[in-house]
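Per the numbering used here, residue 103 is the first one in the sequence shown, and the count goes up by one each step. All C-beta atoms, glycine included, are put in the ideal place defined by N, C-alpha and C.
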Amino acid sequence: MPIIRMYCTKICPYCHRAEHLLSKRGAQVQKIFVDQHPEEMKIMIETTNRRTVPQIFIGERHVGGYDDLVDLDMEGELESLLAN
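In C-alpha cells:
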C-alpha cells in the first residue's frame, strides 16, 4: 500500500471524515498538521496550489480534498490507488 499523506488541522471535520474513509479502506494516514507547523502550510500551498485542508496524497499523486477523495471512492478508483 502506498504512503498516504494528508495535510490537515486538528479541528477540520473534513479531515476527520477523510481519515475515517481511508481507514475504512485499510489505509493508514500520515497527518501533517498545518495549524501546528506553518512552514508545512507553505509547502502544501506551493505543492497543491490550494489553501484548504485536507489535501491528500496517495503515493506521489495529489488526489485533492475530501470531496475529491469521495468521488474517487464512488468511481471505484480509490481501491486501485490504495492497492498499488
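- prompt: Does the separation of the CB atoms of M108 and P156 fall below 9 Å?
  reply: Yes, the pair counts as a contact, with Cβ atoms nearer than the cut-off.
query: Would you call M70 buried or exposed, if buried means 16 or more other Cβ atoms sit within 10 Å of its Cβ?
result: Since the first and last residues shown for the chain are 103 and 186, residue 70 lies out of range.
field: Those residues which DSSP pairs with Q157 across a bridge
entry: The bridge partners DSSP lists for Q157 are Y109.
query: On the three-state DSSP scale, how would you describe V165?
result: Annotated three-state conformation of V165 is strand, per DSSP.
query: Shortest alpha-carbon distance to K133 belongs to which of N151, E148, C114, L184?
result: Out of N151, E148, C114, L184, C114 has the C-alpha closest to the C-alpha of K133.
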